[in-house]
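Read top to bottom, the protein sequences are chains R and F. In terms of our numbering, the first sequence opens at residue 3 and continues consecutively. In terms of our numbering, the second sequence opens at residue 591 and continues consecutively. Just so it is clear, CB atoms sit at the ideal spot from N, CA and C, and this is done for glycine as well. If you're wondering where the values come from, they're calculated on a predicted model, not measured in any experiment. These notes are about the structure you will find just below.
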Amino acid sequence: MAYFIQLAFAGIAQGCIYALIGLGFSIIFKASEVINFAQGELLLVGAYIVSSAVFEWHLPFLPALLLGLVATVIIGLLFERLVLRRMIGRPVFSILMITIGLDIVLRTAVIMIWGSNPVPAASPFSITSGFTTGGVHLGANDLWTIAITAALCAALFYFFRYTKYGLAMRATALDQEAALAVGIDIRTIYALAWGISAAIATIGGVFLAIDSFAIDPTFGSTALIAFPAIILGGIDSVSGAVVGGIVIGVIQVLTAGYESKVANILGAGIHEITPYLIMILVLLIRPYGLFGTRKAERI
Amino acid sequence: MSVTVTSKNARTDAQPPRLLGNISSWLALGIGLLAVIIFFTFASEDWFTIVNFTLIAAIATLALNVLSGYTGQISLGISFFMAIGAYTSALLGGTPPTSPLEPQGLGLSFLIWIPAAGIVAALVGALIGPTALRLKGFYLGIVTLALVFIGQYLFVNIPGITGGPQGRTFPVPAFGDFPFNQQNQLLGVAFTPGQQYFLLFGAILLIAALFVGNVMRSRAGRAFRAVRDHEVGAAVMGVNLFEAKMGAFILSSFLAGIAGALFASYISYVTPNYWDLTLAIQFVAAIIVGGTASVWGSILGAAFVFGLPQVIDYFSLLPTGTAGSLTSGNLNALIYGLLIIVFLLFEPGGVMGLVQRFQKLIRKFSHHDERKGGEPAEIIDLSPEPGYLDQP
């Protein structure tokens, strides 16, 4: 039982990271109907900058984090302003592909600047610390991940619910033309969405790195597991991204923990694809996800 | 078209585009052939390796172009179908195992395993298609991406066919007693392996390109493009959406399977993680850089994404650096990443779009007195069947 609780706890922490990545996807999608394939690489850039700032430039953690945030937010805003704004009204295919273009550029830039070898994760606390209660080890990294995710979600909830810009973003997501008609500046909203997503990506990246003590360029595609999370939650639902992320994280870690017992049936590494299997199932049964909006197509 | 009317009186404008309709296309063919012959006679084996890889890549790019470029269905999973083709070829054509630990192989002839690679990939495509094609846009993209990961899991876990994580060898194409990886005498002329592979891959690419080119000028091809441009509109015009999408999916899977078999055979030893997302995305880059919905675009795109880095390596244009510095692979990834963005922003037709713009410009200058009035409306290969205008 302790083993199960241990796995579930690790799964929730893992799921929080997916949730953070998924939040980035769904905020951009909600505002502008764009799936940002480069989210994983924004995360990579953020995590690398924070790590470099701490270990090479010897900055304290918080200024380093700030530096990472500023850098990814600038990349996000520039991409939105210079590239995506010109793509409005173009086919989904083109828009998806152009974010893949950004993904390739960012990943290659990371490899060219930092190399392919892992760099240590920057962390404000001792990564290996934690305490054990009732046979379950609660790692500081996992506890921090869960706490920060919860805090961020609360902040986002407050932002969307009670602030002027949050309201404007929700209005834009609901009906772009109506939002324009009541005087909402859509361009600001798009920029805001990209800025928030990029910032969340950096935070997710820092925790993803802390979770495995180091980060290397392949982590960018680890972020792809956030896709099953947002599909499960409903792609245009912010709370769905969080729930989906945690569910996927828990299932993945549980599978990883128990798969060795049935290894002769399932083979190795099934936990790497369980999120995708769940996603395909969801897409077949309930394509709009648990919390997403059911879309009716009008001709 | 059911009504056949003699096409003699039809306006020349209404002729379907012919492969070799006029003098300039004959001329282009002549120059192209001459270039191929010169290359074939004088090129070194290194150059053959570069070009041969590009030829195989062009077949796979063409496969992706059928699905994404012509039919508008996003796919990030072409490497999965290539892998299916490759492992089919290995199972059928591989050497029979000498110990139970080695992966299976039936040792069948090249003439069996090559078509089988395409057919099995097409069958898998036909199995997955009905599920995947219910989805649109990026949902389809994400599902095909999931296919790549699921495929890699499967390939690692069926060592009997794939050799497991360590990988396996793949069969060498051979006609009777003439394996392609050795020098052979034919009619008194000695052919190097590079030359033989060049002829083989070139011939398969030519057949694939002619086939795709012709399909796209047929009723089915017009249905594909109608689906891409406006699904509802296409359905209203009587296009069966499911049939059109499935047709494109199966044709694409078939070609991808053949390309995968050739890739694996040419590399000769492949591990399951070769068929990853990066490979699939390279083909996406190739169709965008070369030109979506274009046969020539597929070939140019493959040359750019798969041929160019090897050319850069061959001339060692880059300093052999330390870890993390500029390698040809990195440089190339950076270039095609940027090119995807630049082309999608400014020239969605890719290199072929640039070529067409250039041709239009030339035509404008050479025929400026023949055409009075405004710019003719752009007609994208929607020309009616011959005789259409003569119907009473």
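Is any beta-carbon of chain R found at less than 8 Å from that of residue 935 of chain F? yes
Using the three-state DSSP reduction, which class does residue 914 of chain F fall into: helix, strand or coil? In this prediction, residue 914 of chain F has a pLDDT of 47, which is less than 50 and means its spatial position is unreliable; what the coordinates show is noted afterwards. Coil.
So, is residue 948 of chain F buried or exposed, given that buried needs 16 or more other C-beta atoms within 10 angstroms? exposed
Between the C-alpha atoms of residue 870 of chain F and residue 39 of chain R, what's the straight-line distance to the nearest angstrom? 14 Å
Would you please verify whether the beta carbon of residue 845 of chain F is less than 8 Å from any beta carbon of chain R? no
Determine, using beta carbons only, whether residue 873 of chain F and residue 682 of chain F come nearer to each other than 8 Å. no
Please check the pair residue 859 of chain F and residue 757 of chain F, which I expect to be a contact at CB under 8 Å, by giving their CB distance rounded to whole angstroms. 6 Å
For residue 612 of chain F and residue 283 of chain R, the rounded distance between their alpha carbons: 54 Å
Using CA atoms only, rank isn't needed, just tell me which of R:36, R:70, R:130, R:104 is closest to residue 924 of chain F. R:104
In the DSSP assignment, what are the bridge partners of residue 694 of chain F? BP columns for residue 694 of chain F are empty, so no partner.
Tell me, please, whether the CB atom of residue 83 of chain R is closer than 8 Å to any CB atom in chain F? no
Is the Cβ-Cβ distance between residue 719 of chain F and residue 839 of chain F less than 8 Å? yes
Is there a C-beta anywhere in chain R that falls below 8 Å from the one on residue 892 of chain F? no
Grouping DSSP H, G and I as helix and E and B as strand, with all else coil, what is residue 215 of chain R? coil
Taking 8 Å as the limit between beta carbons, can you name the residues of its chain near residue 131 of chain R, skipping five residues before and five after? 141, 142
On the DSSP bridge list, what partners appear for residue 758 of chain F? F:860
Exposure label - residue 833 of chain F; buried when at least 16 CB within 10 Å: exposed
Is the beta carbon of residue 922 of chain F sitting closer than 8 Å to the one on residue 787 of chain F? no
Enumerated in chain order, which unbroken segments of the alpha helix (DSSP H) with a length of 4 residues or greater are wholly contained in the segment 99 to 167 of chain R? 142 to 164
CB of residue 254 of chain R within 8 Å of CB of residue 138 of chain R, strictly: no
Compute the beta-carbon to beta-carbon distance between residue 741 of chain F and residue 673 of chain F, rounded to the nearest angstrom, for a pair I have assumed lies under 8 Å. 6 Å
Member of F:884, F:729, F:813 whose CA lies at the smallest distance from the CA of residue 941 of chain F: F:884
Starting from residue 171 of chain R, find everything on chain F with Cβ-Cβ shorter than 8 Å and list it in chain order. Within chain F, no residue comes near residue 171 of chain R; the closest Cβ sits about 21 Å away, beyond 8 Å.
Tell me whether residue 781 of chain F sits in a helix, a strand or coil according to DSSP, three-state version. strand
Please tell me whether residue 730 of chain F and residue 628 of chain F are closer than 8 Å, where the distance is taken between their beta carbons. no
By the 10 Å Cβ neighbour count, where 16 or more other Cβ atoms means buried, how is residue 165 of chain R classified, buried or exposed? exposed
Cβ shell of residue 877 of chain F (< 8 Å), same chain only, five flanking positions each side left out: 651, 654, 655, 658, 659, 887, 888, 891, 940
Which two residues bound the contiguous alpha helix (DSSP H) that contains residue 747 of chain F? 727 to 747
Extent of the continuous alpha helix (DSSP H) to which residue 41 of chain R belongs: 41 to 57
Please tell me whether residue 120 of chain R has its Cβ less than 8 Å away from any Cβ of chain F. no
May I ask you to report which of helix, strand or coil DSSP gives residue 772 of chain F? coil
Contact criterion: CB-CB distance below 8 Å. Does residue 814 of chain F meet it with respect to chain R? no
For a test of the three-state rule: what should DSSP assign to residue 801 of chain F, helix, strand or coil? helix
Interface residues of chain R around residue 927 of chain F at Cβ under 7 Å? 103, 106, 107, 110
Taking C-alpha atoms, which residue in R:275, R:13, R:18, R:292 lies nearest to residue 746 of chain F? R:275
Partners in chain R for residue 747 of chain F, counting only beta-carbon separations shorter than 9 Å: 268, 269, 270, 271, 272
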